[in-house]
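Yeah, the sequence shown ends on 421 if you go by my numbering, and it's all consecutive. We put the beta carbon where it would ideally sit given N, CA and C, even for glycine. Quick caveat: nothing in here was measured; it's all calculated off a predicted structure. Note sheet for the following structure.
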Amino acid sequence: MRVTTPAPTDRADYSQADLADPRLYTSGDAHLIWQSLRTAEPVFWHEHPGEGFWVVTQRADAQRVLRDHQDFTSAGGTSIAMLGCPDPAAGLMMQASDPPRHQRLREQIGQPLSPHAISRHAETVRSIVTQALEPIADGGIWDAAAALSQVPMAVAASLMGLPEADVGPLMRMSFATLAPLDPLYRTGSEQQTLAAAHSGIMEYFADRLAERRRRPTSDLISHLLAIEVEGRRLNQQELLLNCLSLIVGWVVTTSQAVSATIQALPGQRGGEGTWPTSVPVDSVVEEALRWSSPVTHFMRRARRAVELHGKNIGAGDAVTAWIASGNRDETVFGQPYLFDAERRPNRHMAFGSGPHRCIGAPLARMMLRLMFHELFKQIESFEPAGTPTHLVSNQIAGITSLPIQVNPRLG
11 MRVTTPAPTD RADYSQADLA DPRLYTSGDA HLIWQSLRTA EPVFWHEHPG
61 EGFWVVTQRA DAQRVLRDHQ DFTSAGGTSI AMLGCPDPAA GLMMQASDPP
111 RHQRLREQIG QPLSPHAISR HAETVRSIVT QALEPIADGG IWDAAAALSQ
161 VPMAVAASLM GLPEADVGPL MRMSFATLAP LDPLYRTGSE QQTLAAAHSG
211 IMEYFADRLA ERRRRPTSDL ISHLLAIEVE GRRLNQQELL LNCLSLIVGW
261 VVTTSQAVSA TIQALPGQRG GEGTWPTSVP VDSVVEEALR WSSPVTHFMR
311 RARRAVELHG KNIGAGDAVT AWIASGNRDE TVFGQPYLFD AERRPNRHMA
361 FGSGPHRCIG APLARMMLRL MFHELFKQIE SFEPAGTPTH LVSNQIAGIT
411 SLPIQVNPRL G
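Listed below in structure tokens is the structure:
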């Protein structure tokens with residue numbers, strides 16, 4: 011997604027905008043549209059062929075939609091891509107279930123992803139990061155987005171006990187489920203690409219589950235096979251859907267947060283990219299998450315009639331909470347279009363909000379700390395060396411190519 015910096019008084023004619031069109035995020039100005047909506051119509055009915063949806067753009071309202079499972083359910087589809095059809099994963103996948111079942115699934119599935127559990131993988135993650143950064147040692151042109159994009163999937167493969175050779179194919183299939191129109195991942199029509207990617211991932215994990223049943227290990231797949239939720243173990247469909255959710259979720263956050271930061275810094279510093287000085291890495295991580303907002307939105311459905319900002323949301327209506335807009339809310343963030351590594355407080359919602367807050371957040375933060383630490387250590391400065399290529403997606407913000415000229419740090 012293009013990250014633009016509209017002036018505070020800039021406005022767009024949002025009545026003609028199509029927030030469901032993936033091309034908006036590569037060649038349009040979604041940030042200007044969201045800014046206009048936050049100011050003039052923070053709860054907006056968006057017409058769409060087949061089924062329209064509500065657009066919620068202010069941070070507090072977006073948080074309410076995501077937190078309030080009494081009024082808004084996750085079992086009717088969680089993204090625009092699922093408009094007009096029932097969600098086959100409803101109640102089966104952690105992401106597509108509501109409390110109390112969601113909490114029971116989360117407590118069991120999330121045990122290996124707790125801060126204490128993932129700390130044991132720090133050196134493995136560091137090794138994966140340093141391997142991705144090897145080409146920058148001699149300086150020159152480096153495609154930061156392409157190099158970093160495989161890091162999250164490589165870490166996921168390590169946690170799931172998957173072969174290194176499977177990282178590339180899994181990454182391509184995962185991105186295809188989120189960006190089926192992107193030239194890098196498209197394999198046919200949008201529906202053909204989605205169908206092939208979903209079936210490919212499900213078939214892959216069906217084989218891995220069969221292997222772990224024969225030879226259990228200590229990895230995440232074996233953990234899923236062993237857990238019990240509501241007095242029973244997960245059935246095959248539940249296992250496959252939650253493997254799908256975890257593997258797709260892993261490709262979303264970390265590499266985009268770093269790439270978007272690398273793109274932002276030269277623009278704010280006269281064309282030369284230098285790292286923030288005297289700022290803890292943790293602060294850089296949190297601002298990178300706010301700035302990049304890797305997940306653009308989540309969708310819910312109203313369980314009953316709800317009034318929000320004077321608008322009557324009907325029972326069953328689709329409601330989209332725009333995280334990328336909430337993270338630029340002027341009433342919460344001073345100078346929201348400035349990358350400020352010293353921002354305090356930084357109450358971003360990059361990981362969502364409420365019961366469904368990203369289960370992988372501790373792992374993502376650890377990965378980002380290690381990635382920025384290694385980048386700070388190895389790169390003195392950098393500058394753009396070509397035009398970035400943005401991921402064609404209305405669900406996640408991504409950069410697929412980001413060439414930079416690297417000046418390595420001596421010694």
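Residue i - containing alpha helix (DSSP H), residue span
i    : result
T187 : V177 to L188
T14  : No alpha helix (DSSP H) holds T14; DSSP gives it neither H nor E.
I272 : T264 to Q278
Q113 : R111 to I119
A167 : V161 to M170
I323 : Where I323 is concerned, there is no enclosing alpha helix (DSSP H), although the beta strand (DSSP E) it sits in stretches over K321 to I323.
T134 : A132 to L143
A70  : R69 to R77
Y35  : L34 to S37
Local conformation of residue i per DSSP, three classes
i    : result
L47  : helix
E393 : strand
R242 : strand
H358 : coil
G281 : coil
P413 : strand
N404 : coil
I237 : coil
F349 : coil
P125 : helix
F386 : helix
Rounded straight-line distance, which links the Cα of residue j to that of residue i
i    : j    : result
Q426 : P398 : The structure shown has nothing for residue 426, since the chain only spans 11 to 421.
E352 : E390 : 20 Å
A22  : L47  : 9 Å
R225 : R218 : 10 Å
T100 : Q247 : The sequence given here places Ala at residue 100; Thr does not occur at that position. Approximately 12 Å, taken between the alpha carbons.
D20  : L42  : 7 Å
S137 : P32  : 35 Å
D81  : E221 : 41 Å
L385 : R419 : 10 Å
P413 : G38  : 22 Å
E133 : E174 : 17 Å
D350 : L299 : 12 Å
T14  : L34  : 12 Å
V6   : G320 : Outside the modelled stretch of the chain, which goes from 11 to 421, sits residue 6, for which no answer is possible.
Q273 : A395 : 11 Å
T88  : T306 : 12 Å
R243 : Q118 : 11 Å
V165 : T264 : 11 Å
I407 : P109 : Residue 407 is actually Ala in this sequence, not Ile. In a straight line, the C-alpha of A407 is about 28 Å away from that of P109.
P122 : S25  : 45 Å
Endpoints, the beta strand (DSSP E) within which residue i is located
i    : result
L318 : V316 to L318
F63  : F63 to V66
M309 : H307 to A312
D153 : G150 to D153
H56  : V53 to H56
V294 : No beta strand (DSSP E) holds V294; the alpha helix (DSSP H) holding it covers V291 to S302.
A328 : A328 to W332
I211 : Counting along the chain, I211 falls outside any beta strand (DSSP E), though it belongs to the alpha helix (DSSP H) covering E200 to R224.
Closest by C-alpha distance to residue i, when choosing among the options
i    : options                   : result
A30  : V402, G281 and I119       : V402
P193 : P413, I409 and G241       : I409
Q266 : M381, Q388, A206 and T187 : M381
T284 : P290, T271 and V295       : T271
S159 : V289, M377 and L420       : M377
A157 : S168, L169, T134 and M181 : M181
A91  : H58, S363, R279 and R242  : H58
C253 : A72, T15 and L102         : L102
V295 : N404, L230 and V268       : V268
F185 : A395, L373 and G259       : G259
H400 : G336, H112, I119 and P304 : P304
S426 : W332, Q202 and H131       : Since the displayed the chain opens at 11 and closes at 421, residue 426 lies outside it and no answer follows.
T49  : E240, T341, V177 and A72  : T341
W55  : A27, S411 and A40         : A27
N417 : W301, H358 and G149       : G149
V261 : P98, A371, F63 and P276   : A371
P179 : V329, E240, G324 and A206 : A206
Cβ-based burial, residue i [other Cβ within 10 Å; buried from 16]
i    : result
P52  : buried
D292 : exposed
E297 : buried
C95  : exposed
I151 : exposed
R311 : buried
H366 : buried
L188 : buried
V289 : exposed
R279 : exposed
S363 : buried
N337 : buried
CB contact below 8 Å: residue i versus chain D
i    : result
V342 : Protein chain content of the structure displayed is limited to a single chain, and chain D is not contained in it.
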